[in-house]
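Residue numbers (my numbering): -9 to 127.
Glycine included, each C-beta is placed from N, C-alpha and C at the ideal position.
Notes follow once the structure below has been shown.
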Amino acid sequence: MNFVKNVRVAGLLVAFFFAGLYGPPLAHAIYQRLFPEAEYQSGDFSALHAQAGNDIVLFSTSTCPYCKKTRELFAARHLQYKDYVVDQSKEAEDLFAKRGGDGAVPLIYIGDREIRGFRESTILDAVASISGSSNPH
């Protein structure tokens, strides 16, 4: 009888271990599916655009692969933009911090949209919204 009780306790411990190990990531994945992160935030970024002298502003680092992809996307579409490389310029770093940059790059401002991360279709839609183009792809 004591052996059966010990097996049950051991089984419960193993079950709780795996529930603790796999439960939170599963719950997070379910939450992300139910409440996906917004593709962009809207706001009035006219002061930033005026300071940069451009309707497209990129905050990046020199080593970020997604920043490189963003630059390549802009170059392929012959888009003019202001690139603040935050790991090479104190001014860029300060401006990035002032904009609420939490270390995650690229941080992109196109017109009235703030886009965090490389989201190609969102970036192209934002470019279309400021250029009046119906198909930037």
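Closer than 7 Å by C-beta to THR112: which residues in its own chain qualify, once you throw out the five before and the five after it? Chain order, please.
As a working note, residue 112 is residue 122 in the sequence shown. Cβ-Cβ distances below 7 Å link THR112 to GLU29, TYR30, ILE105 in the same chain, with the five nearest sequence neighbours on each side left out; the list follows chain order.
Since LEU3 is in the alpha helix (DSSP H), which residue starts that stretch and which ends it?
To locate residue 3, count along the sequence shown from 1; it is residue 13. -8 to 24 is the extent of the alpha helix (DSSP H) around LEU3.
Of the listed residues ASP84, CYS54, SER50, ILE46, nearest to TYR71 (C-alpha basis)
Here the question's residue 71 lines up with position 81 in the sequence shown. Selection ASP84, CYS54, SER50, ILE46 evaluated against TYR71 yields ILE46 as nearest (Cα-Cα).
Express the C-alpha separation of GLY93 and ARG58 in angstroms, rounding to a whole number.
Taking the first residue of the sequence shown as position 1, residue 58 is located at position 68. Taking the first residue of the sequence shown as position 1, residue 93 is located at position 103. Here the sequence assigns Lys to residue 58, which means Arg is not the residue at that position. If you take the alpha carbons of LYS58 and GLY93, they lie about 16 Å apart.
On a Cα-Cα basis, can you pick out the residue from THR51, ALA66, PHE108, LEU69 that is closest to GLU83?
Looking up residue 83 in the sequence shown gives position 93. Ranking THR51, ALA66, PHE108, LEU69 by Cα distance to GLU83 puts THR51 first.
GLU83 - containing alpha helix (DSSP H), residue span
The sequence position of residue 83 within the sequence shown is 93, counting from 1. Residues 80 to 88.
Given a threshold of 16 other Cβ atoms within 10 Å of its Cβ, counted over all protein chains shown, does THR128 qualify as buried or as exposed?
Outside the shown range of the chain (-9 to 127) lies residue 128, about which nothing can therefore be said.
Cβ-based neighbour list, GLU110, same chain, cut-off 7 Å, excluding 5 preceding and 5 following
Along the sequence shown, one-based indexing puts residue 110 at 120. Take GLU110, set aside five residues on each side of it, and the residues of its chain with a beta-carbon closer than 7 Å to its own are LEU63, in chain order.
Which of the three DSSP states, helix, strand or coil, is assigned to GLN70?
As a working mapping, residue 70 is identified with position 80 in the sequence shown. Here GLN70 sits in coil by DSSP.
Could you check where the alpha helix (DSSP H) with VAL117 kicks off and where it finishes?
What you label residue 117 is simply residue 127 of the sequence shown in a count that begins at 1. Run containing VAL117: 110 to 121, per the alpha helix (DSSP H) assignment.
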